[in-house]
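One structure below.
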Amino acid sequence: MTSTIVVGAGIAGLSAAWELQAAGVSVHVLEAACVVGGRMGDRFENGIAYNSGARLIYPFSRDLHRIIEAVGVTSSLVPLRRLSALCTSPGGPYSIELMPSSRALLTPGLPLGERCRLIRAALTLRARKRQVDPDWAVSALAWDDVTLAECIREEIGDGVLKRMIEPVFRGTRSFDADAISALFYQSTMPHLVGEDTVFTLAGGMGQLCTALADRLPVQTGVAVTAVEPHADRCVVTLADGRELSADYVVIATEGARIAPLLVRPSLEEREMLAAIRYNALGIAHFAVAGSLEPGIEFSMRDSPTRIATYQQLNAAPRQGRPNAQVYCQLTPEAIRQVQAQCATDRLDEWVVDEVRARIPDFDQRRLSTVNQWIAHKIPIFYPGYGHVLRRFLDWQDAGKSRIRYCGDWVSQALLGGACASGVRVAAQIAGN
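Each residue of the sequence shown is one higher than the one before, counting from 95 in my numbering.
So this is what it looks like as structure tokens:
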């Protein structure tokens, strides 16, 4: 029987392990953390419930939804329809759509020409739906050399970029439109135009990974320090000095953490791993006494704020949230300042004055604080990254290595992409 060791128990690694086990491959999953899930998990600290990363599941990820159904979690999917938020701007707040619809035409401050081009762009994107795969950014490789900002300015206009695209991309993903390519936009938007629903999981986003891990041989608290391929097997060295061997190893950790694990990386591996970049994310969470009016706000780039996403949540004890909470995600600019000043453990100090301005009796109601710093939140598909990734995928698909890779950095910066990449490498190994 073919044997495989999977390094990493996030959604990518667990998806790979699930598919391998179903194909009759002997599988063993190793996770350095004490819990599974990686950036698709739930945390509870100081009376505050929060996600370890991902907050939403999109409707278009077929592999992800198939696995959700297979492990019996479909009934926990909670549909979120017509998501919208307020957007703060120098000219005052306005409503912004998180899912593209005709209501976007009502966005204030857009010239008539841009409103017309917005309609044309939506029709063009929708017509391209069958040409791109939202789980694989490289399916829109023609857009790899164009920044998202350049793409939107050229196709629609600067107003749509500033008032619609940037607030959502900065607020949901901490993406800088001038620093990322148009791959993500051009591969996912054709599948979102006309849709109005995304999902979360009742009981927490970590429910899926927990359900998968319960059905798989997973060891937590086991750190891997080296992976070395040989002619007939792979050897995995653990932090305690033990060695394990298998026919194949699937590395499903964050891309930024892989290079130190490889004993003899190939030229293709070195080129790929050197190209990987992640953004960081800083969030200050506050628990407050009493109730809050639920709501979410984004901000325009030129708004005088350090908060890209501000959210108020009421207490929901049955959902694991005993207190009302305030969520403050820092802007990309504030995150860079925090990093420069080594202040990642004091994020609350950067936003507390703005919270006080919104909640006048905040100091009296404040119960606790959690500063959440995610050093590697989302892989950055910057201009040119897609072509490097395409070469690497071609090399991996050729099946010349006993080490396989999966994760969002090799597919798409979404849960569905991470899952699909795990399914893909599992099929390759099982096919051998």
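The C-beta atom is built at its ideal place from N, Cα and C for all residues, glycine as well. Keep in mind the model is a prediction, meaning the values are calculated, not measured.
Setting aside the 5 residues that flank it on each side, residue 504 is surrounded in the same chain by 515, each with a C-beta closer than 6 Å to its C-beta; the list follows chain order. Judged by beta-carbon spacing, residue 347 lies beyond the 8 Å limit of residue 123, meaning their Cβ atoms are not closer than that value. Note that the C-beta distance between residue 385 and residue 418 is below 8 Å. Residue 171 sits close to residue 162, with the two beta carbons spaced by under 8 Å.
When Cβ pairs closer than 8 Å are counted between the two stretches, the segment 491 to 499 is seen not to touch the segment 240 to 252, the count staying below three. Taking 8 Å as the cut-off, the Cβ atoms of residue 501 and residue 216 do not count as close.
In the same chain as residue 239, and ignoring 5 residues on each side of it, the C-beta atoms closer than 6 Å to its own belong to 477, in chain order.
Taking 8 Å as the cut-off, the beta carbon of residue 193 is found closer than this to the beta carbon of residue 289. Sequence-distant partners of residue 157 (beyond 5 residues in either direction) whose C-beta falls short of 6 Å from its own C-beta, in its chain, are 513, 514, 517. The beta carbon of residue 232 sits closer than 6 Å to the beta carbons of 480, 483, 484 from its chain, once the five residues preceding and following it are set aside; these are given in chain order. Taking a cut-off of 8 Å on C-beta distances, the segment 350 to 357 does not touch the segment 396 to 414, as fewer than three cross pairs fall below it. Straight through space, the alpha carbons of residue 110 and residue 237 are spaced by roughly 29 Å.
The segment 317 to 331 makes no contact with the segment 167 to 187; the number of CB pairs closer than 8 Å stays below 3. Annotated as distal: residue 459 and residue 299, with beta-carbon spacing of 8 Å or more. Judged by their CB atoms, residue 376 and residue 314 are not nearer to each other than the 8 Å cut-off. Taking each of 465, 341, 447 in turn and checking the Cα distance to residue 457, the smallest one comes out for 447. Taken in chain order, the complete alpha helix (DSSP H) segments of 4 or more residues contained in the segment 247 to 293 are 260 to 267, 277 to 282. For residue 430, the closest alpha carbon among the candidates 268, 352, 297, 365 is that of 268.
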